[in-house]
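**Student:**
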Amino acid sequence: MAPVEDMSIISLVLQASFVVQMVMVLLLALSFMSWWHIFTKHFTISTAKKHTDEFEDRFWGGSDLNALYEQVKHSRNNIGMEKIFMAGFSEFLKLRQKSGMELSDVMEGTRRAMRASCQRELDYLDKHTSFLASVGSVSPYIGLFGTVWGIMYAFKGLGNVGQATLATVAPHIAEALVATAIGLFAAIPAVVAYNRFAHDVDRLAGRFDTFIEEFSNVLQRQIGR
1 MAPVEDMSII
11 SLVLQASFVV
21 QMVMVLLLAL
31 SFMSWWHIFT
41 KHFTISTAKK
51 HTDEFEDRFW
61 GGSDLNALYE
71 QVKHSRNNIG
81 MEKIFMAGFS
91 EFLKLRQKSG
101 MELSDVMEGT
111 RRAMRASCQR
121 ELDYLDKHTS
131 FLASVGSVSP
141 YIGLFGTVWG
151 IMYAFKGLGN
161 VGQATLATVA
171 PHIAEALVAT
181 AIGLFAAIPA
191 VVAYNRFAHD
201 VDRLAGRFDT
211 FIEEFSNVLQ
221 RQIGR
């Protein structure tokens, strides 16, 4: 085990053992995938919040429900509350056309349609967040495995030298610690993003639930007229 003169990060990675290098490659791949999901999920949730705000303004702005339904129906970029409204109002219209339907049956069917649509929207918004949670929880341990393996490899190499000095041991310990650093680099953004996205989806879920109840009341008043 000869002393390593170049202590740059790239040199430490290139001179690490094969197992440690594979651990680093895995962590970098997980980091790349998590950042991809972070950017796409940020765009998706931001779009859902924007559309929800705009739709609520139109809905409570006194628009005619039939006109609003036709407007939303012919839009290509519906997401979140817009799809819940479409599912509920279309089911409401279908059930009202059936003869012999009780008011309670009409409203129950409408609520079921909106609840099902709401769940689909939440599943879509929550897609891939579990991957971010997994990366955030597992990456430090994968990096730690690479560090432990690298330290074992370094100490094994000490048996082949007559005298162990700091200059001999330190570079190889540093190689092993790079794996832990990469693991933290992959885990920290994933955990922060997961917590943020989970909070945003929970807030949207609350707004969807409130809208379902309020929209049901509006429809029920329409029937009673």
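Under the UniProt record's numbering, the first residue of the sequence shown is numbered 1, with each subsequent residue one higher. Glycine included, every Cβ here is placed at the ideal spot set by N, Cα and C. Nothing here was measured: the structure is a model prediction, and the numbers come from that model.
For Ser117, count neighbouring C-beta atoms within 10 Å of its own C-beta (all shown protein chains included) and say buried if the count is 16 or more, exposed if not.
**Tutor:** Buried is the call here.
**Student:** How big is the Cα-Cα spacing for Leu95 and Ser104?
**Tutor:** If you take the alpha carbons of Leu95 and Ser104, they lie about 11 Å apart.
**Student:** Would you say Ala179 and Met24 are within 8 Å of each other, going by their C-beta atoms?
**Tutor:** Yes, these two residues count as a Cβ contact at 8 Å.
**Student:** For the structure I just gave you, are there three or more beta carbon pairs, one from the stretch 143-151 and one from the stretch 107-116, closer than 8 Å?
**Tutor:** Cβ pair count under 8 Å is below three, so no.
**Student:** Along the alpha helix (DSSP H) that carries Glu102, what are the first and last residues, could you check?
**Tutor:** First-last for Glu102: undefined, no H or E at that position.
**Student:** Quick check: the stretch 131-149 against the stretch 22-37, are at least 3 beta-carbon pairs closer than 8 Å?
**Tutor:** The stretch 22-37 vs the stretch 131-149: in contact.
**Student:** Is it true that the CB of Phe208 sits closer than 8 Å to the CB of Ile84?
**Tutor:** It is a contact, given that the beta carbons lie within the stated cut-off.
**Student:** Note down, in chain order, each residue of its chain lying with its Cβ closer than 8 Å to the Cβ of Trp35, except the 5 sequence neighbours on either side.
**Tutor:** Pro189, listed in sequence order.
**Student:** Less than 8 Å between the beta carbons of Lys98 and Met86, yes or no?
**Tutor:** Not closer than 8 Å, so no.
**Student:** Can you check whether the CB of Lys49 is closer than 8 Å to the CB of Leu204?
**Tutor:** Cβ distance < 8 Å, so Leu204 and Lys49 count as in contact.
**Student:** Since Trp36 is in the alpha helix (DSSP H), which residue starts that stretch and which ends it?
**Tutor:** Note, Trp36: alpha helix (DSSP H), 18-59.
**Student:** Can you tell me where the alpha helix (DSSP H) with Arg96 in it begins and where it stops?
**Tutor:** First-last of the alpha helix (DSSP H) with Arg96: 81-97.
**Student:** Under DSSP, the alpha helix (DSSP H) around Asn77 begins and ends at which residues?
**Tutor:** Here Asn77 belongs to no alpha helix (DSSP H), and DSSP marks it neither H nor E.
**Student:** In whole angstroms, give me the CA-to-CA distance for Gln71 and Thr129.
**Tutor:** Looking at the two C-alpha atoms, the distance is approximately 32 Å.
**Student:** Can the beta-carbon of Glu82 be found less than 8 Å from the beta-carbon of His37?
**Tutor:** For Glu82 and His37, no; Cβs fall outside 8 Å.
**Student:** Return the residue from the list Gly61, Asp53, Glu102 that minimises the CA-CA distance to Asn78.
**Tutor:** Minimum Cα distance to Asn78 is reached at Asp53.
**Student:** My output table needs one value for His128: the three-state DSSP class, helix, strand or coil.
**Tutor:** Three-state DSSP puts His128 in coil, outside helix and strand.
**Student:** What does the alpha-carbon distance come out to for the pair Phe211 and Phe197?
**Tutor:** If I take the Cα positions, the gap works out to 21 Å.
**Student:** Could you check how far apart the C-beta atoms of Gly206 and Pro140 are, in whole angstroms? I think they sit under 8 Å.
**Tutor:** Wrong, their Cβ atoms sit about 32 Å apart, outside the cutoff.
**Student:** Please classify Ser63: does DSSP put it in a helix, a strand, or coil?
**Tutor:** Residue state, collapsed to three classes: coil.
**Student:** Within this structure, are the beta carbons of Ala215 and Gly62 separated by less than 8 Å?
**Tutor:** Looking at the sequence itself, residue 215 is Phe, so the reference to Ala does not match. No. Outside cutoff.
**Student:** Quick check: Ala186 and Leu27, are their CB atoms within less than 8 Å of each other?
**Tutor:** Yes, these two residues count as a Cβ contact at 8 Å.
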